[in-house]
Amino acid sequence: LSEKDKPYVDIQGLTASTMEILLDFVYTETVHVTVENVQELLPAACLLQLKGVKQACCEFLESQLDPSNCLGIRDFAETHNCVDLMQAAEVFSQKHFPEVVQHEEFILLNQEEVEKLIKCDEIQVDSEEPVFEAVINWVKHSKKEREASLPELLQYVRMPLLTPRYITDVIDTEPFIRCSLQCRDLVDEAKKFHLRPELRSQMQGPRTRARLALSNVADMIYVSGGFDGSRRHTSMERYDPNIDQWSMLGDMQTAREGAGLVVANGVIYCLGGYDGLNILNSVERYDPHTGHWTNVTPMATKRSGAGVALLNDHIYVVGGFDGTAHLSSVEAYNIRTDSWTTVTSMTTPRCYVGATVLRGRLYAIAGYDGNSLLSSIECYDPIIDNWEVVTSLGMQRCDAGVCVLRE
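The structure is reproduced here in structure tokens:
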């Protein structure tokens, strides 16, 4: 290096106070990072390849993350290749989205940066309202320069998931929306989603898919697969009673009619069914945190129209039809070990059977045995692995709805 023959080296961009801190670190391996020195200290540590100082600066900045500064810290971290800090700031901005968009750092973002944030599945919002309002406020901050960006940004607002009242009372009355044909088209799409529910399966896409933070299994109703008279479906819908609204979630890997659906340990399992050509033994699991379905260990027997219920960390699948025979056999899936075991068969074959659990026992209710509709009911005790016939229904039923009401 040419500097080796010089009496001193001029390092551009480094103040004397910062250099003093770095020299102290070289001798003592300790550094005191503060709000006042971190913006000079981190670039200097990167320049001189002092990893300990760089790490200390990153840890300090992560501890200072706030809705008012997380976007700036994210950009600062990206500039200096601080990957862990950048990811931490990104996650923070997603987790605190409604608060972040109230601050100047968000308002000063460019269009590309706003788009990247609002299109993210991971932003945590109770509804799409704060997303829509964030976009409108960003445009209003500099109307002349930003108004043309509105149609592009609104593509990433999931307007079909907003309530009909919000769409008509707020979005329809927004002057920016009324003046743009492209924006009106997006609003019309949202209205169509609510007015024509029979078309929702054809409207699946990023705007009709719930964000991951909203995909909590608890206190929601889920409907997956099924047959509409012409084809079997892979789609899943979720009903939120708090806002009286349905939304589309991730598609299953296989179309299924006559499948069983059950919740266990915060995830949803869809078991067996008929895809239009074959009876299935495959099982898929939906994780609301990722929004994806994955295959788990299949059942030993192909089954459609089986009864499904959760009991003691096991998913029980009773009866069904395998394409040839109506089944009395029963399988139990251990959700912890991803494995199946065969348990004692029912006394009667049952397809289109209702299944439910009450007081630690599994009930198989009515159904069809291949010859006759049934009114009989059997009760399974997992402790002794035994089925017992109990009092029958007052009439024969198959494909009946079954539930337990707990107070």
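Throughout the sequence shown, residue numbering follows UniProt numbering, covering 1 to 407 in sequence.
Heads up, the beta-carbon is just placed ideally off N, CA and C, and yes, glycines get one too.
Nearest to residue 344 by C-alpha distance, out of 122, 319, 354, is 319. By the criterion of at least three beta-carbon pairs nearer than 8 Å, the segment 355 to 373 is in contact with the segment 388 to 399. CA-to-CA, the gap between residue 293 and residue 201 works out to about 17 Å. Counting only residues of its own chain and dropping the five nearest sequence neighbours on each side, residue 89 has a CB closer than 7 Å to the CB of 65, 70, 73, 74, 77. By the neighbour-count criterion, in which a residue is buried when 16 or more other Cβ atoms sit within 10 angstroms of its Cβ, residue 49 is exposed. Comparing alpha-carbon positions, the option among 117, 208, 379, 255 lying closest to residue 228 turns out to be 255.
In the three-state reduction of the DSSP assignment, residue 334 falls in the strand class. In the structure shown, residue 316 adopts extended strand secondary structure according to DSSP, grouped into three states.
In this structure, the beta-carbon distance from residue 265 to residue 335 falls below 7 Å. Taking the Cα of residue 361 as reference, the smallest distance to any Cα among 397, 152, 380 is reached at 380. Annotated three-state conformation of residue 128 is coil, per DSSP. When DSSP states are grouped into helix, strand and coil, residue 201 belongs to the helix group. Here residue 403 is exposed, its C-beta having fewer than 16 other C-beta atoms within 10 Å. Between residue 41 and residue 57, the C-beta gap is smaller than 7 Å, which places the two residues in contact.
Assigned with DSSP and collapsed to three states, residue 351 falls in strand. Residue nearest to residue 132 within the set 155, 112, 263 is 155 (criterion: CA-CA distance). Taking each of 187, 191, 275 in turn and checking the Cα distance to residue 230, the smallest one comes out for 275. Beta-bridge pairing by DSSP links residue 287 to 292.
Around the beta carbon of residue 370, fewer than 16 other beta carbons lie within 10 angstroms, which makes this residue exposed. At a cut-off of 4 residues, the continuous stretches assigned as alpha helix (DSSP H) that sit fully inside the segment 15 to 71 are 16 to 28, 38 to 47, 51 to 63. Per the Cβ contact rule, the segment 346 to 359 is in contact with the segment 304 to 311 (3 or more Cβ pairs under 8 Å). Nearest Cα to residue 238 within the set 253, 268, 130: 268.
Remark: C-beta atoms of residue 322 and residue 296 do not approach each other more closely than 7 Å. If you look at residue 153, you'll find it isn't in any beta strand (DSSP E); it sits in the alpha helix (DSSP H) that goes 150 to 154. Nearest neighbour of residue 288 by Cα position, chosen from 279, 270, 249, turns out to be 249. Only residues of its own chain outside the window of five on either side were considered, and among them 201, 225, 226, 255 have a CB closer than 7 Å to the CB of residue 233, listed in chain order. Contact annotation, residue 35 with residue 53: C-beta distance approximately 16 Å; criterion of less than 8 Å not satisfied. Per DSSP, reduced to three states, the secondary structure at residue 137 is helical. A direct Cα-to-Cα measurement between residue 192 and residue 122 gives close to 26 Å.
When DSSP states are grouped into helix, strand and coil, residue 342 belongs to the strand group.
The beta carbon of residue 258 sits closer than 7 Å to the beta carbons of 273, 274, 304, 305 from its chain, once the five residues preceding and following it are set aside; these are given in chain order.
Secondary structure at residue 235: coil, using DSSP grouped into helix, strand and coil. In chain order, 238, 239, 240 place their CB closer than 7 Å to the CB of residue 220, counting only its own chain and leaving out the 5 sequence neighbours on each side.
Secondary structure at residue 194: helix, using DSSP grouped into helix, strand and coil. When the Cα atoms are used, residue 342 and residue 385 turn out to be separated by approximately 10 Å.
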